[in-house]
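J.: FYI, the UniProt record's numbering numbers position 571 of the sequence shown as 571, with every residue one higher than the one before it. A virtual CB, placed ideally from N, CA and C, is assigned to each residue, including glycine. Small disclaimer: the values here were computed from a predicted structure and weren't measured.
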Amino acid sequence: MGALTEIATGLPGYDSAIPKSVATTAEVLRQRGYNTAWFGKGHCTPMWEVSAAGPFDRWPTGLGFERFYGFLGGETSQWEPALYDQTTPVAPYRGREGYHLSEDLADPCIGWIRNQKTGAPDKPFYLYFAPGAGHNPHHVAREWIDRFKGQFDQGWDALREETWRRQLALGVIPPGTKLTPRPEQIPSWEGYPDRYKPVASRLMEVYAGFLAHADAQIGRVVEAIQDLGVWDNTLFVYIVGDNGASAEGNPHGAWSSPSYQNGVPEDPEWLLEHMEDFGSARCENHYNVGWAWGLDSPFQWMKQVASHLGGTRNGLVVSWPRGIQDAGGLRSQFHHLIDIAPTVLEAAGIPQPGEVNGVPQKPIEGVSMLYTFSQKDAPSTHVTQYFEILGNRALYHDGWMASCFHGRLPWVRIQSLPFGPQERWELYDIAHDFSQGEDLSARHPEKLAQLQALFDQEARKYNVYPLNDETMQRALPENRPNLLEGRTTVTYYRDNVRMPELATVNVKNTSFDLTAELRIPEGGAEGVIVSQGGNMAGWSLSVHDGKPVYFYNWMGHESYAVECAEALPPGDVTLKLTFDYDGGGLGRGGTARLWVNGHIAGQGRIEKTIPFLFSVSGETFDVGDDTGAAVGPYAHGVPFTGTIQKVQIALRSEHDAGTKQAMHEGHVDAALKSQ
């Protein structure tokens, strides 16, 4: 798992396929008498295995969790999430007023705990609760947002200083910790245009409301455990985030996630005009880069910048009334996420297994933190740790940290920079400089060289090499395993729903033919025949007022509709969509034509298409329906009322040389020029 599953490669350390030789904590505990459950985000299954065909051994239910209810991917809509109950797709939001994912995760989680304690009162449980909050899209009801109205009008520079002062007063950072300066690539609040400051403030109000709402749901889970009388002997580990705050919202924030994922930043005027959408199902909003920097006070940088602690260091809260006497105490030993598993096992009194299900196990690479519960001032037992994300990298060793900011900025989606001697390494004595405020590389070159050599040693040991800072090229469907490998024609049926984008035939940047064999009842039919994507990007073929319509949604900003003038006749009907791609690069337009029983019935231009991804938020390919957020007004989530015998999609191979070269190399300059 050297990177997200969406940009996995075939190299060791980056293939995203968890091997049997590293059994999960859940599997180990399950075999030792625990009930196990996972509610929420499940971002650990190889993308080519997220389909109805499985295999399911790397889904949560195959990784030792007896119960799973959540989503498989990096993010999902809080209003219309792509959920699975075990391995079955479900849509609990339909027909449910006021639905929200965080609440929907807490409800069955509480029910599972109660059932477990009712059915087996003396049996322990292991629970992983991972809400989608506060990952983007930032979705929450207006009443939660309005609680924070006006609280961020001071801007990110002031917020950062206010936070730093509170941290010092609370003692959660050492006295004398420096507030590091703002990187030159991030705008100051004073220099940020006044016209867009209300947008920025509102985006942060939404995020704060989102977090507050998530905390309330986690509180409900805690209260349920307390009500059962087992809280005192429950080890509760609260990991506050899994990285620094995210700068993926671009300098002006984001209204549409696909705009960032496809490398097309949005006009701030659009965000200004659509402020009322923030937090709702009408958009997939994210806050500005400046807020990410402000939220990571007092550190430098943010998520994706693994070279500096602003990108990696998080608060951790542990409660265990029976096992911790120093309630409310602070600990400052250096530890890493990989130390959670051995801590849990030691607390449970279970040795690290040498073999699981007949497979010899690799040694667990972390160390237990249990000693810190009773030994406040004990030296840290986690002495060495490498960090690396997309080229930004660092090495911690015994209180020192060598940091190489590769130059890759988190909010620039498409970039690739050279590795080599031109990169600048910095050196910090974080045992005495908590925030990495003073670079000592010029003063202690021998220490820096020592840590650089140690990084190389650790990188070789843990398959960090070869370094790769590309994301877009690695995200192309052509660059990972595909269960449809080599097939240019695929047939789908009515029960093919909730099919992830990377597990279906790829209709982007190509000409294709789609043929639907239908049976139309007397009086006509309505609804969705086939759809892909959601309200931020996607397409659908549906029947509206009896007439076929091909609808294309470009980033939620622009849309195109090709309609038939006449209604479909009753009886057996062959409805065909042909799309002739312009070529010349990625994300170009094309001409769409609709044919009914062999005769052309409508045609029109699609001026812009999506070059890379329709969705990273779980929007899928559906036959006879449009699960999740509706692609557009014609894909309104109404299941098709006629009969769908089959839908066949056939790709055509007449790509021009420019498109072929762009697809092969992952270049996006042509796609951006077309916008």
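Reducing DSSP to helix, strand and coil, say where S615 ends up.
T.: Here S615 sits in coil by DSSP.
J.: In whole angstroms, what is the alpha-carbon distance linking L295 and Y492?
T.: So the two alpha carbons sit approximately 46 Å from each other.
J.: I'd like the list of long-range same chain contacts for A565, defined as Cβ closer than 8 Å, with 5 residues on each side in sequence excluded.
T.: Excluding residues within five positions, the ones whose Cβ falls inside 8 Å are K547, A601 and G602.
J.: By the three-class DSSP mapping on this structure, what secondary structure does D267 have?
T.: Coil, per DSSP.
J.: Roughly how many whole angstroms lie between the Cα atoms of A17 and D513?
T.: Their backbone Cα atoms lie some 34 Å apart in a straight line.
J.: Within the chosen definition, does the stretch 593–613 reach the stretch 253–267 through at least 3 CB pairs nearer than 8 Å?
T.: In short, these stretches touch, since the Cβ pair count reaches three.
J.: Can you have a look at M536 and say buried or exposed, based on whether 16 or more other CB atoms are within 10 angstroms of its CB?
T.: Result: buried.
J.: In the DSSP assignment, what are the bridge partners of Y560?
T.: Partner(s): Y552.
J.: Kindly indicate which three-state DSSP category V408 falls into: helix, strand or coil?
T.: One point to set straight first is that residue 408 is Arg, not Val, in the sequence displayed. Three-state result, R408: coil.
J.: Whole-angstrom Cβ separation of G533 and N553, contact assumed at under 8 Å?
T.: Correct: roughly 7 Å between the Cβ atoms.
J.: Less than 8 Å between the beta carbons of C109 and F129, yes or no?
T.: Yes. Within cutoff.
J.: Please state the DSSP three-state secondary structure of A670.
T.: With a pLDDT of only 39 at A670, under 50, the local geometry of the prediction cannot be trusted, and the value read off the model is given with reservation. A670: helix per DSSP, three-state reduction.
J.: Looking at the structure shown, is P60 part of a helix, part of a strand, or coil, going by DSSP?
T.: Looking at P60 - three-state DSSP - the assignment turns out to be helix.
J.: Between the Cα of L211 and those of V359, G132 and I644, spot the shortest distance and give me the residue it belongs to.
T.: Comparing Cα positions, the closest option is G132.
J.: Any idea if residue 755 is buried or exposed, counting beta-carbon neighbours within 10 angstroms, 16 or more meaning buried?
T.: Nothing about residue 755 can be reported from this structure: the residues present for the chain run from 1 to 675 only.
J.: State the Cα-Cα distance for the pair G150 and E266, rounded to the nearest angstrom.
T.: Cα to Cα, G150 sits roughly 25 Å from E266.
J.: Bridge partners for I389 per DSSP, in chain order?
T.: DSSP output for I389 lists N392 as bridge partner(s).
J.: Please check the pair P481 and L11, which I expect to be a contact at CB under 8 Å, by giving their CB distance rounded to whole angstroms.
T.: Not really, about 13 Å apart at Cβ, beyond 8 Å.
J.: Take every Cβ of the stretch 408–416, pair it with every Cβ of the stretch 247–259, and state whether three or more of those distances are shorter than 8 Å.
T.: Because the criterion of three Cβ pairs below 8 Å is met, the stretch 408–416 and the stretch 247–259 touch.
J.: When we look at the beta-carbon of M472 and count the other beta-carbons within 10 Å, is it buried (16 or more) or exposed?
T.: M472 is buried by the Cβ-count criterion.
J.: Which residues in the same chain as P570 place their Cβ atom closer than 7 Å to its Cβ, once the five residues preceding and following it in sequence are excluded?
T.: I520, P521 and E522, listed in sequence order.
J.: Given a cut-off of 8 Å, decide if T515 and N576 are closer than it, judged by their beta-carbon atoms.
T.: Looking at the sequence provided, one finds Lys at residue 576 rather than Asn. Yes, the Cβ-Cβ distance between K576 and T515 is below 8 Å.
J.: Report the residue from E161, M555 and V505 whose alpha carbon sits nearest the alpha carbon of T488.
T.: Nearest C-alpha to T488: V505.
J.: In the stretch 432–501, which residue ranges form an unbroken alpha helix (DSSP H) of at least 4 residues, counting only runs that do not cross its ends?
T.: Those alpha helix (DSSP H) runs which fall completely within the stretch 432–501 and span 4+ residues are 445–461 and 472–475.
J.: Do D469 and L390 have their CB atoms nearer than 8 Å?
T.: Yes.
J.: Please classify E619 as buried or exposed, where buried requires at least 16 neighbouring CB atoms within 10 angstroms.
T.: By the 10 Å Cβ count, E619 comes out buried.
J.: Counting Cβ pairs closer than 8 Å, one from the stretch 311–327 and one from the stretch 199–206, do we hit at least three?
T.: Flag = no, the stretch 311–327 and the stretch 199–206 do not touch.
J.: Are the Cβ atoms of V530 and V647 separated by less than 8 Å?
T.: Yes; because the gap between Cβ atoms is below 8 Å, this pair is in contact.
J.: Kindly indicate which three-state DSSP category K508 falls into: helix, strand or coil?
T.: Here K508 sits in coil by DSSP.
J.: CB of G132 to nearest heavy atom of the ligand FMN: below 7 Å?
T.: This structure lacks the ligand FMN, and indeed carries no ligand of any kind.
J.: D572 lies in the alpha helix (DSSP H); which residues open and close that run?
T.: Unbroken run through D572 is the beta strand (DSSP E), G571 to Y581; no alpha helix (DSSP H).
J.: Exposed or buried, what is V623 when buried is set at 16 or more other beta-carbons lying within 10 Å of its beta-carbon?
T.: It is buried - the Cβ of V623 has at least 16 other Cβ atoms within 10 Å.
J.: Would you give the residue range spanned by the beta strand (DSSP E) that A650 belongs to?
T.: Looking at the DSSP string, the run of the beta strand (DSSP E) that includes A650 is T643 to L651.
J.: Taking the alpha carbon of E365 as the point to measure from, which residue in V497, A3 and V22 has its own alpha carbon closest?
T.: Cα-wise, what sits closest to E365 is V22.
J.: To the nearest whole angstrom, what separates the beta carbons of V528 and L568, a pair I think is in contact under 8 Å?
T.: In fact, because the Cβ distance is near 14 Å, the residues do not count as touching under 8 Å.
J.: Could you pull out every residue in the same chain whose Cβ sits closer than 8 Å to the Cβ of R114, ignoring the five residues on either side in sequence?
T.: These residues qualify, in order along the chain: A224 and L228.
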